[in-house]
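Trainee: In numbering that gives the first Met the number 0, the protein residues as written are 0 to 446.
The structure under discussion is supplied below as C-alpha cells; questions concerning it will follow.
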Amino acid sequence: MTRLIAWLGDDFTGAAAVMEALAFAGLPAVLFLDPPTPDQIATFPADASIGIASMARTQSPDWMEANLPDLFSVLRGTGAALLHYKVCSTLDSAPHIGSIGRAMEIGAQMTGAQVVPIVVAAPQMRRYQAFGHLFAGAPQGVFRLDRHPVMANHPVTPMAESDVAAHLARQTDMPVGCLDLEMLHDPVAAARAFTDGPTARGLTCDMMGPSDEAAVGTLIWTHRGENPFVVGSQGVEYALIAHLQATGALDPAPRVASAGRVNRMAVVSGSVSGITADQIGWAAQHGFATIPFAAEAVCSDPATLADTEARCLAVALAALDRGQVPLIQSAAGPQDAGIARLTQAAAGRDMTQVNDAIGKSLGRMLRALVDRARLTRVVASGGDTSGHVTRALDVFALTALAPTIPGAALCKAHAMGATHGLEVALKGGQMGSADYFGWIRDGGGAR
Numbered sequence: 000m001t002r003l004i005a006w007l008g009d010d011f012t013g014a015a016a017v018m019e020a021l022a023f024a025g026l027p028a029v030l031f032l033d034p035p036t037p038d039q040i041a042t043f044p045a046d047a048s049i050g051i052a053s054m055a056r057t058q059s060p061d062w063m064e065a066n067l068p069d070l071f072s073v074l075r076g077t078g079a080a081l082l083h084y085k086v087c088s089t090l091d092s093a094p095h096i097g098s099i100g101r102a103m104e105i106g107a108q109m110t111g112a113q114v115v116p117i118v119v120a121a122p123q124m125r126r127y128q129a130f131g132h133l134f135a136g137a138p139q140g141v142f143r144l145d146r147h148p149v150m151a152n153h154p155v156t157p158m159a160e161s162d163v164a165a166h167l168a169r170q171t172d173m174p175v176g177c178l179d180l181e182m183l184h185d186p187v188a189a190a191r192a193f194t195d196g197p198t199a200r201g202l203t204c205d206m207m208g209p210s211d212e213a214a215v216g217t218l219i220w221t222h223r224g225e226n227p228f229v230v231g232s233q234g235v236e237y238a239l240i241a242h243l244q245a246t247g248a249l250d251p252a253p254r255v256a257s258a259g260r261v262n263r264m265a266v267v268s269g270s271v272s273g274i275t276a277d278q279i280g281w282a283a284q285h286g287f288a289t290i291p292f293a294a295e296a297v298c299s300d301p302a303t304l305a306d307t308e309a310r311c312l313a314v315a316l317a318a319l320d321r322g323q324v325p326l327i328q329s330a331a332g333p334q335d336a337g338i339a340r341l342t343q344a345a346a347g348r349d350m351t352q353v354n355d356a357i358g359k360s361l362g363r364m365l366r367a368l369v370d371r372a373r374l375t376r377v378v379a380s381g382g383d384t385s386g387h388v389t390r391a392l393d394v395f396a397l398t399a400l401a402p403t404i405p406g407a408a409l410c411k412a413h414a415m416g417a418t419h420g421l422e423v424a425l426k427g428g429q430m431g432s433a434d435y436f437g438w439i440r441d442g443g444g445a446r
C-alpha cells in the first residue's frame with residue numbers, strides 16, 4: 000500500500016492529532032518535528048503516512064510564501080496519495096496571521112488541484128458544519144463559532160464569522176463555495192461540485208455525523224487524482240478512515256490499550272493556564288512532588304540560573320528516590336506569585352526571549368533527569384515548553400503509543416542517541432483532563 004496521506008500541521012498539537020487519528024485507526028503514521036531527511040524517512044515503513052509539525056499558524060502570509068513551498072515539496076516527495084494542510088478545528092486564522100487562504104493558494108498552485116476540499120468539521124470532536132456554518136462544542140454546549148465562549152473572544156484570531164467560506168474569502172482571492180448537506184448526499188451534485196469549475200477554488204464540506212464523514216471521505220479519495228490537495232482539521236483523516244472502513248479496505252478501529260503504568264516519570268510545565276493549574280493541583284493531591292522553578296532566574300547571570308536549576312534537580316531526584324513523580328513547574332497557574340516576580344525581573348526585556356529561556360531551562364532539567372535517573376517516560380506541558388523539551392531530548396520524530404485526548408497522546412520518541420525509544424507526552428497548556436498527568440503515568444489508553 001502506498002502512503003495514504005502526507006500532512007503539514009500549522010502547529011504542533013494539531014499535527015500530532017493527525018498522527019493519532021491515523022495510528023489509532025490501524026494506519027501507520029509518523030510525525031517529524033522538522034523537515035525529515037531521506038534517511039530519516041527510510042527508517043519507517045514504506046506505507047506510513049508522514050507529517051511535519053510547523054508554526055505556520057503564528058506566521059504571516061509572507062512567511063508562508065517563503066516557507067510553505069519547500070515544506071510541501073518534502074511531503075509531496077514521499078509519494079503520498081494526498082497532501083493535507085492541517086488547520087485548527089476552530090478555524091484559528093486571519094488575513095494577517097495564520098492565513099489558511101494563503102496556504103490554500105500555495106498548495107493548489109503546487110499540486111495543480113482545481114478543487115481544494117476544506118474539511119474543518121470533525122464530529123468526533125464536537126466540531127460540526129451545517130450549510131456552511133461551523134459549530135464547536137464547549138462544556139456549556141455546542142455553539143456557532145461566532146458565539147462560542149472561547150473562540151468569539153480569542154486574543155489573536157477572534158471569530159466574528161461562522162460561515163467557513165466567508166471567513167476564508169477574506170484570506171484569499173480563490174473562490175470558495177460550500178458542499179452542503181443536501182448536495183453531499185446527492186451523488187450527481189456532489190461529484191459535480193468536486194469537478195466543475197474553470198478556475199481553482201475551495202470547497203467547504205458539511206459534516207454532522209458518521210454518514211457525512213464517509214460521504215466526504217469517498218469524494219476526497221475518489222477525486223484524489225485531479226484534486227490531491229486538501230485543507231482541514233483531523234476531520235480529513237476521520238473522513239478518509241470512515242470511507243476505508245465502509246468499503247472494507249480498513250478493519251474497524253481496534254481499542255488501543257494502555258502502555259502500562261510506570262512509577263518513575265518526570266513532568267515539566269511552562270504553562271500558566273487555568274487548565275494546567277488544575278492538573279498541577281490534581282497531581283499535588285495524588286502523590287506527585289510539585290517543585291516550583293523560580294523562572295525569574297533566567298533574567299539573572301548564568302551562575303544564578305545554573306544554581307537554581309541544580310536545586311530543582313536535587314529536589315526532583317530525591318522525589319524519585321522516594322517513589323514520587325517530580326513535577327517541575329514555572330507557575331502553578333495564572334495567579335501564581337512567581338508571575339509577578341518574573342514580570343519585575345524581566346522589565347525592559349523582550350518577553351519572547353525570556354519565555355524562550357524558560358523553555359530551554361525546563362528542557363535542560365528534564366534531559367538531566369532522564370540521563371541521571373534513567374527515566375523511560377516524561378511529560379511536558381505547554382506548547383513552547385514541548386518544543387524545547389523535544390530539542391533537549393534530541394527527538395526528531397514521534398509515533399503514537401496510547402491515546403489520551405486528541406493531540407496529547409503518549410508517544411514513542413525517535414532520536415539520534417540515548418533517548419531513542421523514550422516515551423513522551425506533550426500537551427498544550429489549555430489541553431487535557433484534570434488527571435492528565437496521572438493518566439500518562441498509568442500509560443494512557445482509551446477509557
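Ideal Cβ positions, reconstructed from N, Cα and C, are used throughout, including at glycine.
1) State the Cα-Cα distance for the pair residue 51 and residue 32, rounded to the nearest angstrom.
2) Using DSSP with H/G/I as helix, E/B as strand and the rest coil, what is residue 206?
3) Using DSSP's beta-bridge definition, name the partner residues of residue 398.
4) Could you check if residue 371 is buried or exposed, using at least 16 other CB atoms within 10 Å of its CB as the buried criterion?
5) Report the option in 408, 315, 221 and 418 whose CA atom is closest to the CA atom of residue 437.
6) Would you list, in sequence order, the uninterrupted alpha helix (DSSP H) runs of no fewer than 4 residues that lie entirely inside the segment 99–164?
7) Give me, in chain order, the residues of the same chain whose beta-carbon lies closer than 6 Å to that of residue 142; leave out the 5 immediate sequence neighbours on both sides.
8) Spell out a yes or no on whether the segment 247–260 and the segment 99–112 are touching, meaning 3 or more CB-CB pairs, one atom from each, closer than 8 Å.
9) Tell me which residue opens and which closes the alpha helix (DSSP H) that residue 192 is part of.
10) How should residue 148 be labelled, buried or exposed, when 16 other C-beta atoms within 10 angstroms of its C-beta is the threshold for buried?
11) Would residue 187 be called buried (16 or more neighbouring beta carbons within 10 Å of its own) or exposed?
12) Does the contact criterion of 3 or more C-beta pairs under 8 Å hold for the segment 383–395 versus the segment 405–424?
13) May I ask which residues mark the beginning and end of the beta strand (DSSP E) holding residue 267?
14) Taking the C-alpha atoms as reference points, what is the distance between residue 317 and residue 260?
15) Considering only residues of the segment 330–365, which uninterrupted alpha helix (DSSP H) runs meet the minimum length of 4 residues and lie entirely inside it, listed in chain order?
16) What's the gap between the Cα of residue 212 and the Cα of residue 297?
17) Out of 150, 308 and 399, which has the shortest C-alpha to C-alpha gap to residue 92?
18) Secondary structure at residue 50, three-state DSSP: helix, strand or coil?
19) Does the distance from the C-beta atom of residue 189 to that of residue 218 stay below 8 Å?
20) What is the residue span of the beta strand (DSSP E) that residue 83 lies within?
21) Between the Cα of residue 388 and those of 306, 353 and 265, spot the shortest distance and give me the residue it belongs to.
22) Indicate whether residue 263 and residue 319 have their beta-carbon atoms separated by less than 8 Å.
23) Buried or exposed, going by whether 16 or more other CB atoms sit within 10 Å of the CB of residue 157?
24) Residue 415: buried (16+ other C-beta within 10 angstroms of its C-beta) or exposed?
25) Can we say the segment 293–310 touches the segment 340–357, given the rule of at least three CB pairs closer than 8 Å?
26) Closest to residue 162 by CA distance: which of 192, 202, 225 and 195 is it?
27) Skipping 5 residues on each side, what residues in its chain have a beta carbon closer than 8 Å to that of residue 333?
28) Do the segment 110–119 and the segment 233–247 touch if we need at least three Cβ pairs shorter than 8 Å?
29) Taking C-beta to C-beta, are residue 2 and residue 47 nearer than 8 Å?
30) Just to confirm my understanding: we take residue 126, look at its own chain, exclude 5 residues before and 5 after, and list those with CB closer than 6 Å. What are they?
31) On the DSSP letters alone, give me the boundaries of the alpha helix (DSSP H) that residue 303 sits inside.
Mentor: Taking the structure as given:
1) Counting only the Cα atoms, residue 32 lies some 6 Å from residue 51.
2) strand
3) 411
4) So residue 371 ends up on the exposed side.
5) 408
6) 99–110
7) none
8) no
9) 186–194
10) Residue 148 sits exposed, since fewer than 16 C-beta atoms from the chains shown fall within 10 Å of its C-beta.
11) exposed
12) As far as the Cβ criterion goes, the segment 383–395 touches the segment 405–424, which means the pair count is three or higher.
13) First-last of the beta strand (DSSP E) with residue 267: 265–268.
14) Going from the Cα of residue 317 to the Cα of residue 260 covers about 21 Å.
15) The segment 330–365 contains, as complete alpha helix (DSSP H) runs of 4+ residues, the segments 336–344 (chain order).
16) 48 Å
17) 150
18) strand
19) With a cutoff of 8 Å on beta-carbon distance, residue 189 and residue 218 are scored as near each other.
20) 81–85
21) 265
22) For residue 263 and residue 319, yes; Cβs fall inside 8 Å.
23) exposed
24) Its Cβ having fewer than 16 others within 10 Å, residue 415 is exposed.
25) yes
26) When C-alpha distances from residue 162 are compared across 192, 202, 225 and 195, the shortest belongs to 202.
27) Closer than 8 Å at Cβ, skipping near neighbours: 271, 272, 273 and 276.
28) yes
29) Cβ distance < 8 Å, so residue 2 and residue 47 count as in contact.
30) 88, 120 and 135
31) Taken as a continuous stretch (DSSP letters only), the alpha helix (DSSP H) holding residue 303 covers 301–320.
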